[in-house]
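**Student:**
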Amino acid sequence: MDKQVLNPMTNFLLNTQSVCATPQAGERLSHTLRETLGQRDVKVGCDAGDCGACTVLIDGAPVCACLTPTQQAEGRHVETLTGLTRHDPDAQRLTESFQTHGAAQCGICTPGMMVSAVALLRETPAPSDDQVKDALGGVLCRCTGYRKIIDAVLASHVQIPAETNDGTVGTSIRRLDGTAKVNGTEAYGDDVAPADALVLRVIRSPFAHAGFTFGDLQQWQHQTDGIEAVLTSADIPGQNVFGVIPDFADQPVFAEGTARFRGEAIAAVVGRADVMQVFDVASFPVVWTELPSVATVATATAPQAPRLHSGRDNNLMCAGFVQQGDAAQALTTADVCVEGQFQSGFVEHAYIEPEAGFARIKNGRVEVHACTQAPVMDLDGLEIILGMDRKNIRIVPTEVGGGFGSKLDLSVQPYLALAALKTGKAVRITYSRSESMQSTTKRHPSDIRLKIGANRDGYIQGFDFSGDFNTGAYASWGPTVSNRVPVHASGPYRIANYRAEARAIHTHNPPSGAFRGFGVPQAAIAQESLFDELADKLGIDRLQFRLLNALEDNVPTVCGQVFEQGVGIKACLTALQLAWDSERAAVALFNETSKTRKRGVGIASGWYGCGNTSLPNPSTIKSGVRPDGTVVLHQGAMDIGQGANTVITQIFATALGIPVHQIKRIGADTDVTPDAGKTSASRQTYVSGSAARLSGLALRAEILKRVNASNNAKLKFGAGTIRIIDGADEHKINLPSLSYDDEGYVFRAQETYDPPTKPLDKNGQGVPYAQFGYCAQLVVVEVDTALGLVTPIRFVAAHDVGKAINPMLVEGQVEGGIAQGLGMALMEEYIPGRTENLHDYLIPTIGDVPPIETLIVEVPDAHGPYGAKGLGEHVLIPTAPALLNAIKDAAGVRLTQVPATPARVRAAIKELNNGN
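Sequential numbering of the sequence shown, starting at 1, is according to this note's numbering.
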C-alpha cells in the first residue's frame, strides 16, 4: 500500500527550514508553497509548466512547481528565490548582476529566471551564451527581450563596483525599485490578499454568441457548501457598463441574457478558499442557447450579419480619417505605383502575470488592490458601476507583472468590489491563464489596402490607405485605434497628397484594445512593405529612398502639423547606414554559396505620437519636504516594467538639484498620489516627466525663496536641515522650526503638465500630438527555403528618444519591443477556442531573440523634459515590417499576412516557383 496514502503529511526542507504540509490529493507544490507556506516569491503565470515563472530547485534541480505534486517533495530539499538570495553566494552575485544590467523589468519572470540560473552557475560557474540559453529556455519573459538577462548571467562571476553616480538625467542608474524584483519580495496582484480572504470565480460564456438563462441561483447556493455569494447583473447598484472611453462605454460587467464573445462574464461565485479550489464551473445552473456569430470584418459587414449593438449599423463602431491634397489625382499621374493588401490577426498581450487582486471594506469604504495601468481610470469606472461617491472608493495598485495596454481596461476590479460589498469580507481572485486569454483585450486584427505612387526621382506623390480593424464585441480602445492609425499610416515621411481611413468593426470576439502601438504596427507593415516595393521598382536603394522622403523640421506632416525642431527620423536612418552597407555585402557573399538557406536584410522605420490624440492628457506630480529633511515624491504614474519609477524620479531629482537616492518615492494610490494619468501611449516619460520636472523646479524655488538665494545655488539636505550654498554665501534652514501643512510638509509643490495639442478638423488637419518619437530598424534573417523557417540573425535599432534619461532602460525597452515585434511577425496568432494557453499560443523564447544593437539617437524635443521623448510604444513598430522586408530580400517572396509562419513562407515560395 502507498505510504503517502496512509500519511498525507509531507515533510521537506524549505530553503533552510524543515516544514510539514498536509496537501489535498493532487495538490501542486506551487499551491502549497504559496498558500500554505507563504512563499510568495514562487510566481505562477500559467499553472501548466509553460512559462517557468514558478521554477524552484528540488535537490538542486530546477522544476516547475506548478507541475510537481507536493507529495513528491517528501524528504527532499526545496529552494526558492528568497532562500537562495539569503544563503547562496551564486544567487547573491546574480542579484547584483541582474540589477546592474537591467535584467528585470516588470520582474514577474525574474524568480524563475534567477532560480534556473543559480542551478546552472552551481554546475558551470562561467557558462557560455548557449549554455545560458539552454538553462533558461524553459522560462518565458515578455518584457526584456532576454538579452540583458543573458548578459547578467554571463557577468555574474565578475566583481561589480558599487554605484557611484547621483542619478541625474542621462545616467544609467539601477532601477530604484529593482531590489524587490530580484530578491523575490515584490508583491503582485496575487501576492497581497489576506490569508482568510474569500475566493471569487467568474462564470463565463463558452460560446462566441449565445443566449442564456439562470436556474434557481438561491437554491443552488443554499445546496452548495461553502458558497457565500452569487453575483449577477441584478447585484450591481450602479450602472452595468464600463469602457475606457466614456462616450463609447458599452461593455457590461455581467452580460444580461446574451453573451457576445467566448469568455464574457455572466455571473460570479464567491466562497471559502478550500471550496473554490475544487469548484466545478459546470455545476453552476445556467442554460445556453448558441446563436449565429460573426468572427471577421467580412462576415460582420455582410448584409444579413447579426448586429452586436443597436445604433451601430453594419457593426461599424467608428472611423477615423485624414486627408491632405488629392491622393486619387496624384496616383493617376504618378510615374510609378505599387499597391497591396495586408492582413494581421489577433495578438495576445501574454504578460506573465494574469489579472489578480483583492478587495475589502475598510472604514466603510471599498478598497481594491489589483494590478492595473490606470488607477484613476479604475476609480472612474467603479464610481459608475457601484453607484457610489468616489470618495468612498480607494484604488491601491499592486506591482504589475506586465501590461502592454491590456491592463488599462477593467478586469477583476468590478467583481472584487461588488463581492466585497455583498459579503462584507475580503475577496480575492486570480485569473487562470486560459481565463485571462479568453476574456481580456487583444491587438486589433487588420485588413489594409494601400496604394502609393512616386515620380521617377523617387519622391512620393500620392498615398491612399484604407484599413478595417476588428474591434471585437465591445469598444475598448477601438475609437483610439481608428483615430490614431490615419495620422500615422504615412510613416514619418513627407506626403503632399494623402488619404487614410480606418474603420473599427464589431465582431463576436474578445474586445480588441490597447497593445503597444494602437494599430500603428499593423499600418506600418503595409506602408513599409510597399516602400520597399516602390524603391525596387524605381531602382533606388531602400534606405536612400526612405531618406529621400523623410520628414524634417519645418516640413508639414500629413495632418499639416509643423515641428520647428525635434524631427529625428533622418538621424535614425543615417545611424543605420554603416550596418546597412556592411550587412548587405555580407548577405550577398553568403548567398553566393548557400543553396537552400538564404539570407536577407530588411529595413523599416516608424514614428509615434506621444499621448492622447488631440485630447487633454494631463499629469500631476506632488512633492514635499518633511521636517526631518526627507524629500518625498508622490509619483502616481504606474511602472509596468518600463522604468517610470526610476526615470520620473531622475527627472525630479535633476530639477530639484539633489542625488536621486535622497528621494523617498510614494507610489500610485488614489488616496495619496495625484492623478499622473494612465501608463499608455508613450506618455509617462514625456507627460508625467514634465510634471515631475515642474514640481522639482517649483519645490526648489520655494526653498531658495526662503533665504533669497539665486537659482544657481546648490542644495544639501541633512537631518532636519537644508544647506543652501550660493557662491560664497551659505544659508541654513532649520526645518523643524517651520510650520508644516496637513500632510506634514514644510515645503510643498504640486504641478500639472498637459501637452499642447489642437483638435483635428473633418479632414484630420490639426495638432494631434505635441511630440513624436522616431525609429528605424535593420534586421538580418536566414530563410530555409525548403522548410519556410525564418531565423533572425541580428537586429540594429536606431531610436530617437530626444534625451536618454536612463540609457540602460532605453536599451531594455528597445530589446523588449523588438522581441514582441518578432513574435507578431513570425509566430503569434490568437484564435479563440484554440490558442488560449502559453503552450498553443507561442511567444518568443530566449532562443528566438538574436543579438540586438541599440543605437540611441538624441534629437531634443521642444516640449519634453530635458528634451526627452516617449519610447515604449514605438519600439516594435518597425520590427515586423523589417522582418517581412528581410524575408523578401532573402527568398524573393512578399508575405502580406502575419504571422509569417513556416507554412505561409513555404507556400509563398512554392507559388513563386510555379508550384514546384
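Note that beta-carbon positions come from the ideal geometry of N, C-alpha and C, so glycine has one too.
Just so you know, these numbers come straight off a predicted model, no measurement behind them.
1) Okay, do the segment 313–323 and the segment 483–501 touch, 3+ Cβ pairs below 8 Å being the bar?
2) Decide yes or no for the touch test of the segment 439–453 against the segment 464–472: beta carbon pairs closer than 8 Å, at least 3 of them.
3) Could you name the residues that DSSP lists as bridge partners for G624?
4) With distances taken between CB atoms, is the gap from A249 to G243 smaller than 7 Å?
5) Within this structure, are the beta carbons of S695 and A749 separated by less than 7 Å?
6) Would you mind giving the Cβ-Cβ distance between G984 and G345, rounded to the nearest angstrom? I have them listed as a contact below 8 Å.
7) Within its chain, find whatever has a CB closer than 7 Å to the CB of E79; leave out the 5 residues flanking it on each side and keep chain order.
8) So, at 6 Å on beta carbons, what are the nonlocal neighbours of M1 in its own chain, with the 5 sequence-adjacent residues on each side left out?
9) Can the beta-carbon of T10 be found closer than 7 Å to that of T70?
10) If R142 sits next to Y459, beta carbons under 8 Å apart, how far is it from one beta carbon to the other, in whole angstroms?
11) Is the beta carbon of F747 closer than 7 Å to that of V625?
12) Can you tell me which of D335, L200, R262, A268 puts its alpha carbon nearest to the alpha carbon of D274?
13) Measure the C-alpha to C-alpha separation of L6 and E123 and round it to an integer number of angstroms.
14) Here's the rule: buried if 16 or more other CB atoms are within 10 angstroms of the residue's CB, otherwise exposed. What is P89?
15) Return the residue from the list E528, T144, P865, A713 that minimises the CA-CA distance to G606.
16) At 4 residues or longer, and completely inside the segment 537–574: list those alpha helix (DSSP H) runs for me, N to C.
17) Would you call E27 buried or exposed, if buried means 16 or more other Cβ atoms sit within 10 Å of its Cβ?
18) Just the Cα atoms here: how many angstroms apart are C64 and T854?
19) Exposed or buried, what is H634 when buried is set at 16 or more other beta-carbons lying within 10 Å of its beta-carbon?
20) Going by DSSP, which residues form a beta bridge with N734?
21) Against chain B, does D177 count as a neighbour if the rule is that its beta carbon must be under 7 Å from one of theirs?
22) Any chance the segment 763–774 sits against the segment 829–849, with 3 or more Cβ pairs inside 8 Å?
23) One question on the structure: do V647 and I805 come within less than 7 Å of each other, judged by their Cβ atoms?
24) Determine the direct distance from the alpha carbon of Q24 to that of K3, and round the result to whole angstroms.
25) How about F358 and A193: do their beta carbons lie closer than 7 Å?
26) Can Q413 and A334 be called in contact, C-beta distance under 7 Å?
27) Just to confirm the assignment, what range does the alpha helix (DSSP H) spanning D130 have?
28) Apart from the five residues just before and just after L912, which ones in its own chain have a Cβ nearer than 7 Å to its Cβ?
29) What's the gap between the Cα of V601 and the Cα of Q820?
30) Among L29, A61, G138, G145, whose alpha-carbon lies nearest the alpha-carbon of Q642?
31) State the Cα-Cα distance for the pair A668 and M638, rounded to the nearest angstrom.
32) Is it right to say S682 is buried, meaning 16 or more other beta carbons lie within 10 angstroms of its own, or is it exposed?
33) Please report the distance separating the alpha-carbon of A210 from that of L291.
34) Decide yes or no for the touch test of the segment 496–512 against the segment 861–868: beta carbon pairs closer than 8 Å, at least 3 of them.
35) Given that a residue counts as buried once 16 or more other Cβ atoms are within 10 Å of its Cβ, and exposed if not, what is G802?
36) Closer than 7 Å by C-beta to T32: which residues in its own chain qualify, once you throw out the five before and the five after it? Chain order, please.
**Tutor:** Well, looking at it:
1) yes
2) yes
3) V632, R748
4) yes
5) yes
6) It is not possible to answer for residue 984, since the shown part of the chain is limited to 1 through 916.
7) N15, V56, L57
8) A caution first: M1 carries a pLDDT of 35, below 50, which makes its placement in the model unreliable, though a value can still be read off. Counting only Cβ-Cβ distances below 6 Å, and skipping sequence neighbours, we find nothing.
9) yes
10) With 8 Å as the limit, R142 and Y459 do not qualify as a contact, their Cβ atoms being about 41 Å apart.
11) yes
12) L200
13) At L6 the pLDDT is 46, less than 50, meaning the model places this residue with poor confidence and gives no usable figure here.
14) exposed
15) E528
16) 542–549
17) buried
18) 34 Å
19) buried
20) T721
21) Chain labels in this structure do not include chain B; a single protein chain is all it has.
22) no
23) yes
24) Per-residue confidence for K3 stands at a pLDDT of 40, beneath the threshold of 50, marking its modelled position as unreliable; the derived number appears in the next sentence. Using only the alpha carbons, I get a separation of about 15 Å.
25) yes
26) no
27) 129–136
28) G892, V893
29) 19 Å
30) G145
31) 7 Å
32) buried
33) 5 Å
34) no
35) buried
36) A21, P23, T70
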